[in-house]
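A.B. asks:
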Amino acid sequence: MAGRVCLISMGCKKNTFLTQIYETRMKRAKPYFMNFFCAKMTSTQRSESANHLLKGYVPSGSPMHFFVRQYEKMQFDRDSEESYQEKRTKLGGVVLAQNLPIEIHASKIYTRAMFENFGEMLYEGGSYVLVEVVPCREYIARHVKKDSRDKWCKNEFLVQVNELADELKCECGMFEHFGMVCSHALKVMIQLGLQEVPAKHVLKRWTRDARDILPPEFIRSQKDQGPLKYSSRRHNNPHLLCLEIVRLGDSNVDAYTLAMEQLRNAKALLEPVADVRDGMGLSNREMAGDSAGSSIAHKQQSGAECLAMFRQLWGTIQEETSGAAYNKPRQSAI
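Residues 1 to 334 in the UniProt record's numbering are what the sequence shown spells out, letter by letter.
1. Across which residues does DSSP place arginine 142 in a beta bridge pair?
2. From threonine 257 to lysine 87, what distance separates their C-alpha atoms?
3. Let me know if phenylalanine 157 comes out buried or exposed under the rule of 16 or more other beta-carbons within 10 Å of its beta-carbon.
4. Run through the segment 34 to 103 for me and flag every whole alpha helix (DSSP H) of 4 or more residues, listed as ranges in chain order.
5. Is it buried or exposed for residue 340, if we count other Cβ within 10 angstroms and need 16 for buried?
6. Should methionine 26 go down as buried or exposed, given a rule of 16 or more other Cβ atoms within 10 Å for buried?
7. Throw me the rounded Cβ distance for the arginine 142 and valine 131 pair, which I believe falls under 8 Å.
8. Using DSSP bridges, identify the partner residues of threonine 207.
9. From glutamate 103 to leucine 243, what does the alpha carbon distance come to, in whole angstroms?
10. Per DSSP, which residues does valine 253 bridge with? Please list them.
11. Determine the burial state of alanine 297: buried for a count of at least 16 other Cβ atoms within 10 Å of its Cβ, exposed for fewer.
12. Just confirm the distance between the C-beta atoms of valine 188 and histidine 105, as a whole number of angstroms; I'd bet it's less than 8 Å.
13. Taking C-alpha atoms, which residue in Arg234, Leu269, Thr16 and Gly179 lies nearest to aspartate 278?
14. List the DSSP bridge partners of cysteine 170.
15. Answer with buried or exposed for serine 183, where buried requires no fewer than 16 other C-beta atoms within 10 angstroms of its C-beta.
16. Three-state secondary structure (DSSP) at valine 188?
17. Provide the residue(s) that pair with valine 134 in DSSP beta bridges, ordered along the chain.
18. Following the continuous alpha helix (DSSP H) through glutamate 23, name the residue where it begins and the one where it ends.
19. Does alanine 274 come out as helix, strand or coil in the three-state DSSP assignment?
20. Tell me which residues share the same chain as proline 201 and place their Cβ nearer than 6 Å to its Cβ, disregarding the 5 neighbours each side in the sequence.
21. Is glycine 173 near leucine 203, with beta carbons less than 7 Å apart?
22. Whole angstroms are fine: how far does the CA of asparagine 51 sit from the CA of leucine 263?
23. What do you get for isoleucine 109, buried or exposed, if any count of 16 or more other CB atoms within 10 angstroms of its CB means buried?
24. Helix, strand or coil, according to DSSP, for methionine 180 in the structure here?
25. Going straight from the alpha carbon of glutamate 138 to that of serine 107, what length do you get?
26. Under 7 Å between the Cβ atoms of valine 129 and valine 144?
27. For glycine 193, which of Cys136, Ser60, Arg247 and Met64 has the nearest alpha-carbon?
28. In the structure shown, what three-state DSSP assignment does alanine 268 receive?
29. Expressed to the nearest angstrom, what Euclidean distance is found between the alpha-carbon atoms of aspartate 254 and arginine 112?
30. Serine 251 to proline 101, Cα distance in whole Å?
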């Protein structure tokens with residue numbers, strides 16, 4: 001639909017090449033990077049970045065089997081680099097530039113590379129002064145050397161803060177593009193006296209627990225979800241046994257093959273039996289607790305609404321009664 005509108009609005013309806021491209025749109029291959037996030041990169045740069053990375057491993061005009069072999073080598077090299085960065089984050093020390101509470105909090109949640117980026121933003125924030133437009137709601141970050149900078153440089157940025165001071169929006173758009181707090185918003189956070197980086201400005205992909213991603217049915221076991229609301233022996237015993245099986249299955253290739261085979265058999269045997277639920281399972285109890293909490297909140301809201309309606313009705317009755325008594329003619333005493 002958008003392609004047809006574009007052809008008509010741009011006056012390209014009679015262009016044979018563009019018309020043929022639009023008519024054969026169903027045969028197009030979907031972009032590989034459509035559902036992948038690439039930080040600090042626009043959609044046009046994604047393919048260029050992938051080409052630049054692959055050209056170091058695969059020469060042009062290579063056969064398919066060579067491409068697959070070199071692609072696996074590229075994946076191995078990238079995994080090695082990520083493992084090195086993880087080790088660097090765990091073993092490397094942290095150097096605080098200003099010893100601010102928000103900087104200490106950032107050093108505990110971000111990886112080593114992203115904390116270095118955070119430190120650069122903190123350093124750049126020192127070149128700005130804040131002008132309060134609306135108290136605790138809007139600020140303008142103005143560069144201290146705006147007169148000596150190039151004319152094409154933007155020297156003022158508007159930073160907006162919500163009512164709870166847990167979300168900031170800067171017109172530079174760095175957080176929306178990169179996922180990291182910009183120097184202007186960071187300057188406002190320090191001005192407001194925030195002790196930690198707001199949770200809405202901490203993306204998991206930049207944290208130390210970035211790889212702690214589980215499927216939706218196991219999301220309650222992630223580190224960032226906090227402790228489990230419910231616990232039972234019936235849940236803990238199989239969990240510990242599965243961890244022991246994972247440890248044994250990781251010993252060698254034969255142990256891995258045997259462990260996977262037996263786990264698949266156990267899963268196939270358990271699926272028909274597990275269809276009948278007694279309501280005491282961990283997932284069932286959590287779902288019941290969430291639904292009960294929502295129903296209680298709904299009842300409290302309904303009760304508050306009824307009380308407000310009753311007070312309004314009672315006030316109307318009192319006004320009508322007092323008005324009728326005031327306007328009623330007095331009877332003369334006989």
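Note that beta-carbon positions come from the ideal geometry of N, C-alpha and C, so glycine has one too.
C.D. replies: The structure says:
1. The residue labelled residue 142 in the question sits at position 142 within the sequence shown. Arginine 142 is bridged by DSSP to Val129 and Glu156.
2. Counting from one through the sequence shown, the residue named residue 257 turns up at place 257. Counting from one through the sequence shown, the residue named residue 87 turns up at place 87. Within the model, the alpha-carbon separation for threonine 257 versus lysine 87 is close to 29 Å.
3. Start at 1 with the first residue of the sequence shown, and residue 157 comes out as number 157. Result: buried.
4. Entirely contained in the segment 34 to 103, the alpha helix (DSSP H) runs reaching 4 residues are, in chain order, 43 to 55 and 64 to 91.
5. Residue 340 is absent from the model: the chain starts at 1 and stops at 334.
6. The sequence position of residue 26 within the sequence shown is 26, counting from 1. By the C-beta density criterion, methionine 26 is exposed, having fewer than 16 other C-beta atoms within 10 angstroms.
7. Here residue 142 refers to the residue found at position 142 when the sequence shown is read from its first residue. Here residue 131 refers to the residue found at position 131 when the sequence shown is read from its first residue. Separation of the CB atoms of arginine 142 and valine 131 is rounded to 6 Å, and the pair is thereby assigned contact status at 8 Å.
8. Looking up residue 207 in the sequence shown gives position 207. Partner(s): Tyr110.
9. Indexing the sequence shown from 1 puts residue 103 at position 103. Indexing the sequence shown from 1 puts residue 243 at position 243. Cα-Cα distance, rounded: 36 Å.
10. By 1-based counting over the sequence shown, the position of residue 253 is 253. Paired residues: none, contrary to the question.
11. As a working mapping, residue 297 is identified with position 297 in the sequence shown. Summary for alanine 297: the model assigns pLDDT 46, below 50, so the residue's position carries little reliability; its value from the coordinates is reported in the next sentence. Burial is judged here by how many other beta carbons sit within 10 angstroms of a residue's own beta carbon; alanine 297 has fewer than 16 and is exposed.
12. Against the sequence shown, residue 188 aligns to sequence position 188. Against the sequence shown, residue 105 aligns to sequence position 105. No, valine 188 and histidine 105 are not in contact; Cβ-Cβ is about 16 Å, not under 8 Å.
13. In the sequence shown, counting from the first residue as 1, residue 278 sits at position 278. Taking only the C-alpha atoms, the option nearest aspartate 278 is Arg234.
14. On the sequence shown, position 170 is the one that residue 170 refers to. Partner residues in the beta bridge of cysteine 170, as assigned by DSSP, are Val159.
15. As a position in the sequence shown, residue 183 is number 183, starting the count at 1. Buried: at least 16 other Cβ atoms inside 10 Å.
16. The residue given as residue 188 occupies position 188 in the sequence shown. Of the three classes helix, strand and coil, the one that applies to valine 188 here is helix, per DSSP.
17. For the purposes of this step, residue 134 is taken as residue 134 along the sequence shown, with counting starting at 1. Beta bridge pairing from DSSP links valine 134 with Glu138.
18. Your numbering for residue 23 matches position 23 in the sequence shown. For glutamate 23, the enclosing alpha helix (DSSP H) stretches over residues 16 to 23.
19. Position 274 of the sequence shown holds residue 274. For alanine 274, the secondary structure class from DSSP, reduced to helix, strand or coil, is coil.
20. Here the question's residue 201 lines up with position 201 in the sequence shown. According to the sequence shown, residue 201 is histidine rather than proline. Answer for histidine 201: Val181, listed in chain order.
21. Walking along the sequence shown from the start, residue 173 turns up at place 173. Walking along the sequence shown from the start, residue 203 turns up at place 203. With a cutoff of 7 Å on beta-carbon distance, glycine 173 and leucine 203 are scored as not near each other.
22. Residue mapping note: residue 263 aligns to position 263 of the sequence shown, counting from 1. Residue mapping note: residue 51 aligns to position 51 of the sequence shown, counting from 1. Take the alpha-carbon of leucine 263 and the one of asparagine 51: they are about 41 Å apart.
23. Here the question's residue 109 lines up with position 109 in the sequence shown. Flag for isoleucine 109 reads buried.
24. As a working mapping, residue 180 is identified with position 180 in the sequence shown. If DSSP states are grouped into helix, strand and coil, methionine 180 belongs with coil.
25. In the sequence shown, residue 138 corresponds to position 138, counting from 1. In the sequence shown, residue 107 corresponds to position 107, counting from 1. Taking the straight line joining both Cα atoms gives about 28 Å.
26. By 1-based counting over the sequence shown, the position of residue 129 is 129. By 1-based counting over the sequence shown, the position of residue 144 is 144. The answer is yes: Cβ separation under 7 Å.
27. Sequence index remark: in the sequence shown, residue 193 carries index 193 (1-based). Looking at Cys136, Ser60, Arg247 and Met64, the one whose alpha-carbon comes closest to that of glycine 193 is Cys136.
28. Walking along the sequence shown from the start, residue 268 turns up at place 268. Reduced to three states, the DSSP call for alanine 268 is helix.
29. Your numbering for residue 254 matches position 254 in the sequence shown. Your numbering for residue 112 matches position 112 in the sequence shown. Computed Cα separation, rounded: 38 Å.
30. By 1-based counting over the sequence shown, the position of residue 251 is 251. By 1-based counting over the sequence shown, the position of residue 101 is 101. Near 44 Å, if we compare the C-alpha coordinates of proline 101 and serine 251.
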